[in-house]
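Notes follow the structure.
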Amino acid sequence: MDGSGLVTNPPPQTVERPVSIHGEAEIALKVLGLEKVFRSGLRRRKTAAIRGISFLVRRGTVLALLGHNGAGKTTTLNCILGLVKPDAGQVSIFGYDHRQRSSRAKVGYLPERPNFYEYLTGRELLTFYADLLGISPRERSRQVDSVLTTVGITARADLRLRKYSKGMLQRLGLAQALLGAPELLILDEPMSGLDPLGRREVRDLLAGLRDSGTTVVLSSHIVPDVEILADEVVILREGLLVATHRLDALPRDCVYEVRLGELPTGDDAADVLRACRVVRGRGGGGPALVESCTPVDLARLLDVCSRTQIDIHSVQTRRHGLEDLFLEVMGEQKVPLC
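Residues 1 to 338 (this note's numbering) make up the sequence shown, in order.
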């Protein structure tokens, strides 16, 4: 990995074991050189879904797999869980090979599109799953009530699932993933189908679980949710791991966006505009958008506009963060350097 955070995926036979500065006991999940090729069609055409994926997840943290649809996020999670057999690579969960059934005893899982028996009520479904987990009848009732309260659907617990909205089904799926008090949660697009309030509640819930020591691995393409919640992000593109970043290490440079009635003109204005960046607008009138990277240049721009009686519609602060990094890595945008 270089200073930009870009990662080159080595061939699986040369993948080096990641070095943990926290020690093996602090690692909840270890993925080394994971590969999967799918074959389809009459000619059994090969499609590489993931190629040489390697990363570590520390206990008590939230790691997000970020990427567009088809980037390999779901395939990676399915390989980790043993739902799909990888063609190459190694996976260990709390130090145990993921192929061992016992390795998944402390894992809760929410698929991207959970399918439930719609003739059951929410409470009946959770009771069924608690029974599959081997939870005793007395503890089963307590846990079902607890997870229903946690995800906020207690009032609808005795409603048939055919009457649940997509968002309610997503909450129910999260509830079943929480049964048995798992130490590792693996969630595939957990915000899918939720309204803004629901997304905020799920983020708060996952943050609380993280703070209590639960490890969370989730996939998403919703960058703002990831930036708020995750401690570390792994960016996938076309089956390759192209960047990893700790979010507390991302650059937080400010950019000031100034919306004007028109661009200022004159020698003083030209000098100021050279120090800034004109995003939209040109001389001769019409709305304009100007970006400034320093408070000094911002003050000079506002002073010129005030002296020339140009309307200042708004001044907003924007910080370069995960969204800028994501778009840059995906080749969709170059972060402007002021």
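No residue lacks a Cβ here, since even glycine has one placed at the ideal position from N, Cα and C.
Keep in mind the model is a prediction, meaning the values are calculated, not measured.
- Helix or strand or just coil, what does DSSP make of Gln90? Three-state DSSP puts Gln90 in a strand.
- CB-CB under 7 Å to Ile310, same chain, minus the five flanking residues each way: which ones, in chain order? Cβ within range, chain order: Leu260, Gly261, Glu262 and Pro264.
- Task: Could you tell me which residues DSSP pairs with Ala64 in its beta bridges?
- Result: Leu218 and Val233, per the DSSP bridge assignment.
- Message: Between the alpha carbons of Leu133 and Val57, how many angstroms are there, rounded?
- Response: Approximately 25 Å, taken between the alpha carbons.
- Task: Give the range of the alpha helix (DSSP H) segment to which Glu328 is assigned.
- Result: Run containing Glu328: Leu322 to Val329, per the alpha helix (DSSP H) assignment.
- Query: When DSSP labels each residue in this structure, what does Leu184 get in the three-state scheme?
  - Reply: Strand at Leu184.
- Message: Using a Cβ-Cβ cutoff of less than 8 Å, which residues in the same chain neighbour Leu81 once the five nearest sequence positions on both sides are dropped?
- Response: Once the five neighbours on either side are set aside, the close Cβ partners of Leu81 are His98, Arg104, Val107, Tyr109 and Ile186.
- Query: Residue range of the alpha helix (DSSP H) that Phe128 falls in?
  - Reply: Gly122 to Leu132 is the extent of the alpha helix (DSSP H) around Phe128.
- Message: Could you give the first and the last residue of the continuous alpha helix (DSSP H) run that contains Ser54?
- Response: Element bounds for Ser54: not the alpha helix (DSSP H) but the beta strand (DSSP E), Arg45 to Arg58.
- Query: Buried or exposed: Phe55, going by 16 or more other Cβ atoms within 10 Å of its Cβ?
  - Reply: The C-beta of Phe55 has 16 or more other C-beta atoms within 10 Å across all chains shown, which makes the residue buried.
- Message: Assuming the contact rule is C-beta atoms closer than 8 Å, Val62 and Ala49 should be a hit. Round their C-beta distance to whole Å, please.
- Response: With 8 Å as the limit, Val62 and Ala49 do not qualify as a contact, their Cβ atoms being about 24 Å apart.
- Indicate the three-state DSSP secondary structure (helix, strand or coil) for Asp158 in the structure shown. Here Asp158 carries a coil assignment [DSSP, helix/strand/coil].
- Item | One or two residues paired with Glu245 in a DSSP bridge | In the sequence as presented, Glu is not what sits at residue 245; that position holds His. DSSP output for His245 lists Val233 as bridge partner(s).
- Task: Label Glu139 either buried or exposed according to how many other C-beta atoms from any shown protein chain fall within 10 Å of its C-beta, with 16 as the threshold for buried.
- Result: Classification for Glu139: exposed.
- To which residues does DSSP link Thr340 through a beta bridge? As displayed, the chain neither begins before 1 nor continues past 338, which places residue 340 out of reach and without an answer.
- Task: Sort Glu291, Thr47, Phe326 and Cys305 by Cα distance to Gln316 and report the nearest one.
- Result: Of the listed residues, the one whose Cα sits closest to Gln316 is Glu291.
- So, using beta-carbon positions, are Val144 and Arg171 closer together than 7 Å? Not in contact: Val144 and Arg171 (Cβ atoms no closer than 7 Å).
- Lys36: first and last residue of the uninterrupted beta strand (DSSP E) it sits in: Taken as a continuous stretch (DSSP letters only), the beta strand (DSSP E) holding Lys36 covers Ile27 to Ser40.
- Hey, would you say Asp267 sits closer than 7 Å to Val304, going by beta carbons? Note that the C-beta distance between Asp267 and Val304 is not below 7 Å.
- Task: Spatial neighbours of Pro295 within its chain, please: CB distance less than 6 Å, with the 5 preceding and 5 following residues excluded, ordered by chain position.
- Result: The same chain holds no residue with a CB closer than 6 Å to that of Pro295 once the five nearest residues on each side in sequence are set aside.
- Message: Under 8 Å: do the segment 73–93 and the segment 32–47 share three or more Cβ pairs, one atom per stretch?
- Response: Contact between the segment 73–93 and the segment 32–47 is present, because at least three Cβ pairs lie under 8 Å.
- Item | Under the three-state DSSP convention, the category Leu289 falls into | Here Leu289 sits in strand by DSSP.
- Item | Helix, strand or coil at Val84 according to DSSP, with G and I counted as helix | Note: Val84 maps to coil in three-state DSSP.
- Query: If you draw a straight line from the C-alpha of Met191 to the C-alpha of Ala288, how long is it?
  - Reply: Cα-Cα distance, rounded: 36 Å.
- Cutoff 7 Å; reference His22; Cβ partners in own chain excluding five residues on either side: With a pLDDT of 43 at His22, under the threshold of 50, the predicted position of this residue should be treated as unreliable, though the coordinate-derived value follows. The beta carbon of His22 is closer than 7 Å to those of Arg58 in its chain, skipping five residues each way along the sequence.
- Outcome for His245 when other beta-carbon atoms lying within 10 angstroms are tallied against a minimum of 16: When all chains shown are included, His245 counts as buried.
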